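Quick notes on the structure that follows.
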Amino acid sequence: MAFFGLGKKDRVIDLSEGYKKKIERARSGVAELKKEEPSDSFSIFGNLSSSNSEQPESEEEKKKKFAKRLVDMTNKLDEISTQIYHLQQRVELLERKAGVRSGA
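Following the numbering used here, the numbering of the sequence shown begins with 222 at its first residue and continues without gaps.
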C-alpha cells in the first residue's frame, strides 16, 4: 500500500512507547495514593474510625473506575484498529482498480 507514501514497509511507527508511559504514570499515581494516608499524631481514635470507614470505599471506587476506564479504552482501541484495517483494505482495493503498483 504505497498510496501517498503511506504504509511503506521500511517505516514503522511504534505507538506502544506512549502507551507504556501512560500505564507507568497511572501505576505510580495509584502507588502514591496508597502512600498518602492522612495521619494526625494528636488524635488516636479519630484517625482509626475515619480511615476504616472512608478509605476502603474510596479506594475501591477508584479501582473500579480505573478498571472501567481501562476496559473502555481497550474496547475503543479495538474498534479503531478494526476501522483502520477496513480503511486499509478499501485503499488497497482502490489501488488495484486504479492500477497503482504497490511499493512493497
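Note that the Cβ used here is the ideal one computed from N, Cα and C, for glycine as well.
All values reported here derive from a predicted model rather than from experimental measurement.
**OP:** Indicate the three-state DSSP secondary structure (helix, strand or coil) for residue 322 in the structure shown.
**Re:** Numbered from its first residue, the sequence shown carries residue 322 at position 101. Residue 322: coil per DSSP, three-state reduction.
Original post:
What's the C-alpha gap between residue 300 and residue 314?
Top reply: Residue mapping note: residue 300 aligns to position 79 of the sequence shown, counting from 1. Residue mapping note: residue 314 aligns to position 93 of the sequence shown, counting from 1. When rounded, the distance between both Cα atoms is 21 Å.
**OP:** Give me the Cα-Cα distance between residue 238 and residue 320, rounded to the nearest whole angstrom.
**Re:** Mapped onto the sequence shown, residue 238 falls at position 17. Mapped onto the sequence shown, residue 320 falls at position 99. Looking at the two C-alpha atoms, the distance is approximately 37 Å.
**OP:** Taking only the alpha-carbon atoms, compute the straight-line gap between residue 307 and residue 278 and give it to the nearest angstrom.
**Re:** Locating residue 307 in the sequence shown gives position 86, where the first residue counts as 1. Locating residue 278 in the sequence shown gives position 57, where the first residue counts as 1. Pairing residue 307 with residue 278, the inter-Cα distance amounts to about 43 Å.
**OP:** Return the residue from the list 235, 250 and 302 that minimises the CA-CA distance to residue 287.
**Re:** Translated into the one-based positions of the sequence shown, residue 287 becomes position 66. Residue 250 is the option with its Cα nearest to residue 287.
Original post:
Helix or strand or just coil, what does DSSP make of residue 315?
Top reply: The count along the sequence shown starts at 1 and reaches residue 315 at position 94. Here residue 315 sits in helix by DSSP.
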